[in-house]
Each structure stands twice: as structure tokens, then as C-alpha cells.
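Using our numbering, the letters of the sequence shown map in sequence onto residues 129 to 499.
Here a beta-carbon is modelled for each residue, glycine too, at the ideal position from N, C-alpha and C.
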Amino acid sequence: MEKATVKDLAEELGMPPSALIEECQHLGIDAAWAGATLEPVAVSMLRDRFGRSAAAPPLRRGPGPERRATPSKLPPTAVGSLPEVAASLVPKLQHEHGPLSHHDETGAEETKVTKQSLLEQSRRFDSTARTALFAAGLGVVLLVAAPHSPHVVLTVFAWLITAVSGLVAFFAGNRSRYKITTHPEKLKGMAPALVAMAMGLVIFASVVGGVWVVVRDAPASAAPSIIGGRADVSELRWAYHRVARIRQEGWHRPAKDAGTCWVKPDENDEVEPREPERVESTYRDLSCTSKHDAEVLAVFSVNRDADSPYPGAEHLVEIGRERCQSLLESLKTRPPGMTVEIEYPTQEGWSDADHDVACVVVATRRGSIVG
């Protein structure tokens, strides 16, 4: 089988191109003008439908005087504008296996061609629906992988891409739905577009819900467990409240910096505490080259969870001494009379994202103890 234009096939079948075009439109075949190219399956179907029998005898004029045709004022192609006239000119042939069946020379049925099958062959999957499905899939993958992120920066990046993927999936799916509804004869993929829309909405709502749990003051346990129980939510919640606390301190952490030197107050000195929400034994810093009473050896955070309960002062001191032991053993020299003190947050400071514990070496000297 081969392709043919409407004009060529009409000449072969002995009928006006306009009548053949009209019938093509009734059958759902894409052919709007005489030069349109018909697919082989459409050519075969039209030949079976309108082909004349080779055994049919030619029409002969009966006896009598020749009658001359009355001139018509209509143009030769005006019949194409009258569907009922064009339909009356089309021979209607009945087939043994149905009007839209094609048979080979032996009479066996090869392919049953219907209007619906031709329509399905001509429709293509909408590319916008494909984009929506890809965005939805990417959002789901990132939503599942975010709790396993090794760093908070990667977690933030994953959340941003997830939110964007959800929006793309929703709007691309909605756009695809509109295109398919407008041109159902050309496009398909309505079900995938609707699925992508729903997935995009759920993905974006999940990110918004996670952000809401992160920034609010209430603990994450008060939120639904599907959001509040996620590891990435806990990680971002700690980072958010920690940064907020540091911003309140003029972008300085609540604890003293490691390597700084300090002076202890005398017994009769009345000094204001450096941080009311911390338990500290020194109050004023100065250069380590000057005579000082104490030096901060190390600072570390305990339990990076904004909602963790206060472990108590004794437990924080115990943790601090265990963590400082290895650092003390690495010191090359130990000043005489050296002692170690642990500075830690109060319960109020702990609730305000201050989980820092500092190891302070107390020894009156000049110069850094680790230098």
C-alpha cells in the first residue's frame, strides 16, 4: 500500500475531490483540501468503501433523441457545499465483514479500520504532560532523599528544588489538561496530566507544611508526625532557631570563642554576667599575651535539636569533662595549679537554642596554653 493525495484518489474513484473530502471528515480522516496526503490505511479504506466493481457494465444511453444538458449557474465544485447532494453521489457498498474492514486477495481479514482507531493513531502524547510527570517524579525523589542529606545546606537546596518541582508539576499538568481538552483529536495524556497536578499539589503543600513547622515556636511534636517526625525538619528547625539566636547576639554565638582569654572577678567585685542565660566563671576578655586567669580550650554543641529537653546542669558538666579530657591530654605543658571548669547554658538559654558547652582552663599565666 502507498500514500495518495485526495485529488489523485478522487480521480481514481471517479468522484469529485470535494465529495471525497467531505467523506473523509465524516470518517475522522485528516484531509481538508485536494492536495492533502492520505495515509496508506486511509487510502485502502476509501478504496474499499468507494471502489467500483470491475464487472459492472458501463451505462448506455437508451434509444431516442439525444437530450442536451441544461446549463447550471452553479460552479463545478458547488456540490461540495451541499453535503446531502455529495452523499447521494457516493456509492454505498456493503462488505461481508463490515463497512470498515480491509481484506486481502484471498478474502481473509487483514486489519479492521475504524474511525476511533484512526483517531488514536493520529493523536500524540502531550509534551507538557510529560514535563509535568518528570517534575512530579523529581519532587518525590527529593522529598524522600531530603531526610538523608549529610549537610544542612544540601537539605535547604533539596527543599527549594522540591518546592519548584511541585509548582512545575501542578502548572504544567494544568496546562496539559487545557490543551488536551481543547484539542482532543490531536492530543492525549489527560490521566497523566491530572495525576501530575495532584502530585505537584501534594509535594508543594508538604514543603510549605515543613517550613511552617520549622519557623514556628511550638515544638515539632505538636505537628502531624508525617511532617514533624522527619529528620530534615528537625535539622532545619535547629538551624533556623540557632541562626535566629545568633542574630539576636549581634551575630556572635552565646558561648565564648575557643582560644580567647579571660579574667576572673575578685571576691569583692560586683559584675554583671556576660550572658544571663549561661553559667560562667569569667566575665572580661583580654589578649592572651597579657596576664589572664583562664583560657577557653574548646566549645561544642550538645544535642542539636531545638525541641530536646534540658538535660540538667550536672549532665552538661559531665559531658563537658568527657569531651575535654582528650584535649587536655594533648597539651604539651600544664601550668601548675591548672584546673578545668565547664561553662554551660541555663534551662532558659537551652530553650533559646543555646546548647554550647565550653571547656575553660583556669591558670594564671601569660600567653596561650595551646600556643
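C-beta atoms of residue i and residue j nearer than 8 Å
{"i": "A301", "j": "M325", "result": "First, the residue type needs correcting, since residue 301 is Gly and not Ala in the sequence shown. Contact flag set, yes."}
{"i": "L261", "j": "P320", "result": "yes"}
{"i": "D158", "j": "T283", "result": "no"}
{"i": "H369", "j": "A286", "result": "no"}
{"i": "L166", "j": "V134", "result": "yes"}
{"i": "V488", "j": "T417", "result": "no"}
{"i": "K307", "j": "R251", "result": "no"}
{"i": "K392", "j": "D421", "result": "yes"}
{"i": "G356", "j": "V336", "result": "no"}
Of the residues the options, the one placed nearest residue i, counting alpha carbons only
{"i": "D484", "options": "V490, A491, T492 and T474", "result": "T474"}
{"i": "T259", "options": "F299, V281 and H276", "result": "F299"}
{"i": "R344", "options": "S362, L329, M327 and F332", "result": "S362"}
{"i": "T290", "options": "V169, R303, G338 and A386", "result": "G338"}
{"i": "L141", "options": "V171, V281, V371 and E405", "result": "V171"}
{"i": "K131", "options": "T461, G163, E450 and Q153", "result": "G163"}
{"i": "L322", "options": "S479, I470 and D254", "result": "D254"}
{"i": "L425", "options": "A386, I149 and T310", "result": "A386"}
Buried versus exposed, by CB contacts within 10 Å (16 or more), residue i
{"i": "E457", "result": "exposed"}
{"i": "H223", "result": "Caution is warranted here: a pLDDT of 48 is assigned to H223, below 50, making its placement in the model unreliable, and the coordinate value is therefore given only provisionally. So H223 ends up on the exposed side."}
{"i": "S415", "result": "exposed"}
{"i": "A206", "result": "Model confidence at A206 stands at a pLDDT of 48, short of 50, so the residue's coordinates are unreliable; what they give is reported in the following sentence. Exposed is the call here."}
{"i": "P382", "result": "buried"}
{"i": "H276", "result": "exposed"}
{"i": "L221", "result": "Because the pLDDT at L221 is just 46, under 50, the model does not fix this residue reliably, and the point stays unresolved."}
{"i": "V272", "result": "exposed"}
{"i": "K460", "result": "exposed"}
{"i": "K419", "result": "exposed"}
{"i": "W390", "result": "buried"}
Expected contact under 8 Å - CB spacing of residue i and residue j to nearest Å
{"i": "E430", "j": "T467", "result": "Position check: residue 430 holds Val in this sequence, whereas Glu was assumed. The Cβ separation is near 22 Å, so there is no contact."}
{"i": "S293", "j": "I331", "result": "6 Å"}
{"i": "A346", "j": "R365", "result": "Not really, about 11 Å apart at Cβ, beyond 8 Å."}
{"i": "S496", "j": "E405", "result": "Wrong, their Cβ atoms sit about 28 Å apart, outside the cutoff."}
{"i": "R449", "j": "F428", "result": "With 8 Å as the limit, R449 and F428 do not qualify as a contact, their Cβ atoms being about 12 Å apart."}
- Message: Going residue by residue through the segment 359-419, where are the continuous alpha helix (DSSP H) segments of at least 4 residues, counting only ones entirely within it?
- Response: 359-376
- Query: Which ranges does the alpha helix (DSSP H) cover as unbroken runs of at least 4 residues, wholly within the segment 140-185, from first to last along the chain?
  - Reply: Restricted to the segment 140-185, the alpha helix (DSSP H) segments that are unbroken, complete and at least 4 residues in length are 145-155 and 168-178, listed in chain order.
- Task: List in chain order: all unbroken alpha helix (DSSP H) runs of 4+ residues lying wholly within the segment 458-499.
- Result: 475-479
- Which runs of the alpha helix (DSSP H) spanning at least 4 residues fall entirely within the segment 272-316, listed in chain order? 280-310
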